[in-house]
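Residue numbers (my numbering): 3 to 310.
Encoded as structure tokens, the structure appears first; notes follow it.
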Amino acid sequence: MDPSRPPGAVTIQPLGADGLAILRALVADPSLAQEYGDLAAGGLDDQLGDPFCDPALRFLARVEGAPVGFAYSFVLPSGAGSWAMVRLGVVAAHRRGGAGSALLASTLAALRARAEPPREAVLAAWQQNPALAGFAARHGFGHARTFWRMERSPGPAPAPRWPVGIEVGAFDGSERALAGWNESYNRSFAEHWHFVPSDLEHARRIAELPGFRPDGLALAWRGGACVAFCRCALGGPRGEVSVLGVVPAARGIGLGRALLRQGVLWLRGAGAERVDLTVDGENEGALALYRAEEFAVVRTRELFARPL
């Protein structure tokens with residue numbers, strides 16, 4: 003906390019269910035639009051409903067009783083031990099007054115107090131946000147990864163060309179579809195940075211989120227096994243290819259390209275004015291595909307990490 007402010011100027015309290023309206027108002031504040039504008043357009047409920055978003059890790063900062071900032075966290079399993087993604091925001095008028103530091107301190111203390119503390123905490127910010135980089139450095143976070151948001155050109159989208167032997171259908175809610183989707187996700191991303199494995203119950207809860215669209219989840223089958231998927235989401239005028247995965251044995255045959263085109267067409271048909279996706283900046287194969295399909299980088303997201 004900034005020593006120039008009087009003691010007790012910032013207070014931190016748990017964010018209970020009665021504080022969700024306050025959180026919605028904070029993420030909609032114009033000064034937080036760069037970081038949280040997508041959530042203000044309708045994605046917050048899905049984030050808070052994510053199985054890995056722990057209600058015990060949600061905090062509200064107040065100054066003289068007025069809410070000025072928030073923090074909430076996801077504790078994510080991985081092969082090397084769990085890690086935490088911390089989302090934190092303070093409205094512009096109360097930055098540099100200690101609210102962000104107090105929110106982070108409360109969050110890190112709560113993470114360390116868990117029965118199985120995560121090994122690492124991660125902060126993220128869309129650029130340009132030099133204030134976050136400085137804040138992260140002051141609190142011991144170092145640069146960890148760069149992600150890019152890519153947006154497709156507004157021109158016509160080509161139809162998918164499905165490889166021989168592939169059958170494609172929308173998610174029908176069956177146990178077979180749920181298991182196939184879950185298994186293909188795990189097999190597709192097992193080698194990725196900070197891979198978060200999923201089980202059937204996690205997949206089931208994702209499918210129950212308010213913003214989940216069964217018709218926006220395409221599953222590709224070969225020989226009775228789900229070998230790829232593309233999940234899309236809508237948020238106001240924005241359409242997102244949220245997750246696209248192809249298992250290693252089904253790569254190199256054009257299946258990822260076909261699913262990407264299918265996703266773009268579905269989003270356009272559902273009314274999306276813009277179509278985008280987010281990709282790991284070190285995933286050269288995916289970057290090459292997206293560029294070839296007329297996606298271009300429009301935003302950069304930097305991740306900062308520190309061990310716990």
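Don't be surprised by glycine CBs; every beta carbon is placed ideally from N, CA and C.
In this text the structure is predicted, and so the values were computed from the model without any measurement.
Looking at Ala82: is its Cβ nearer than 8 Å to the Cβ of Arg121?
Yes. Within cutoff.
Return yes when the Cβ of Phe143 is within less than 8 Å of the Cβ of Phe297, no when it is not.
No.
How is the beta strand (DSSP E) around Glu122 delimited, first residue to last?
Unbroken beta strand (DSSP E) run through Glu122: Glu122 to Trp128.
Taking the beta strand (DSSP E) that Leu279 falls in, what are its first and last residues?
Counting along the chain, the beta strand (DSSP E) containing Leu279 begins and ends at Arg276 to Asp282.
Between Arg303 and Asp278, which are expected to be in contact by the criterion C-beta below 8 Å, what is the C-beta distance as a whole number of angstroms?
Not really, about 12 Å apart at Cβ, beyond 8 Å.
Determine whether the beta carbon atoms of Leu127 and Glu37 lie at a separation below 8 Å.
Looking at the sequence itself, residue 127 is Ala, so the reference to Leu does not match. The answer is yes: Cβ separation under 8 Å.
Please state whether DSSP places Ile255 in a helix, a strand or coil.
In the structure shown, Ile255 sits in coil (DSSP, three-state: anything other than H, G, I, E or B).
Classify Pro69 as helix, strand or coil using the three-state DSSP reduction.
Pro69 falls in the strand class under three-state DSSP.
Going by Cα to Cα distance, which pick from Trp183, Glu286, Val299 and Pro212 is closest to Val245?
Of Trp183, Glu286, Val299 and Pro212, the residue nearest in Cα terms is Trp183.
To test your reading of the DSSP string, which unbroken alpha helix (DSSP H) runs of 4 or more residues are found completely within the stretch 82-164?
101-114 and 132-140, all fully within the stretch 82-164.
Taking the straight line between their C-alpha atoms, what separation do you get for Pro16 and Ala58?
Each residue's Cα considered, the two are about 8 Å apart.
Please report the residue range of the alpha helix (DSSP H) in which Gly182 lies.
First-last of the alpha helix (DSSP H) with Gly182: Glu177 to Phe191.
Applying the 10 Å Cβ sphere with the 16-neighbour rule, what's the burial state of Leu28?
Looking at its Cβ environment, which holds 16 or more other Cβ atoms inside 10 Å, Leu28 is buried.
Any idea which residues DSSP pairs Ala220 with across the strands?
Paired residues: Ala172 and Cys232.
Around the Cβ of Trp195, are there at least 16 other Cβ atoms within 10 angstroms (buried) or fewer (exposed)?
Label assigned to Trp195: exposed.
Following the continuous alpha helix (DSSP H) through Val29, name the residue where it begins and the one where it ends.
Here the alpha helix (DSSP H) through Val29 covers Leu22 to Val29.
Given that a residue counts as buried once 16 or more other Cβ atoms are within 10 Å of its Cβ, and exposed if not, what is Asp20?
Exposed: under 16 other Cβ atoms inside 10 Å.
Just checking, does the stretch 205-215 make contact with the stretch 172-189 on the three C-beta pairs under 8 Å criterion?
Yes, the stretch 205-215 is in contact with the stretch 172-189.
If you check the beta carbons only, do Leu105 and Ala73 fall under 8 Å apart?
Yes, they are a contact pair.
Under 8 Å Cβ to Cβ from Leu310, same chain only, skipping five residues before and after it: list those, please.
Ala86, Leu110, Leu113, Arg114, Pro119, Pro120, Arg121, Glu122 and Ala123.
Classify Gln264 as buried or exposed, calling it buried when 16 or more other Cβ atoms lie within 10 Å of its own Cβ.
Gln264 is buried by the Cβ-count criterion.
Alpha carbon to alpha carbon, how far is Pro162 from Arg116?
One C-alpha to the other measures close to 47 Å.
Between which residues of its own chain and Val299 is the CB-CB distance below 6 Å, once the five residues before and five after are set aside?
The residues are Trp150 and Met152.
Taking just the CA atoms, how far does Ala11 sit from Gly247?
Spanning the two alpha carbons is a distance of roughly 48 Å.
Determine which residues share a DSSP beta bridge with Ile314 and list them.
Outside the displayed span of the chain (3 to 310) sits residue 314, for which this structure offers no information.
DSSP three-state label for Arg7, please.
With a pLDDT of 44 at Arg7, under the threshold of 50, the predicted position of this residue should be treated as unreliable, and no value is reported.
Among the candidates Ala274, Arg189, Glu275 and Gly218, whose CA atom is the shortest distance from the CA of Leu261?
Of the listed residues, the one whose Cα sits closest to Leu261 is Gly218.
Taking Cβ positions, are Asp56 and Ser80 nearer each other than 8 Å?
It is not a contact, given that the beta carbons lie outside the stated cut-off.
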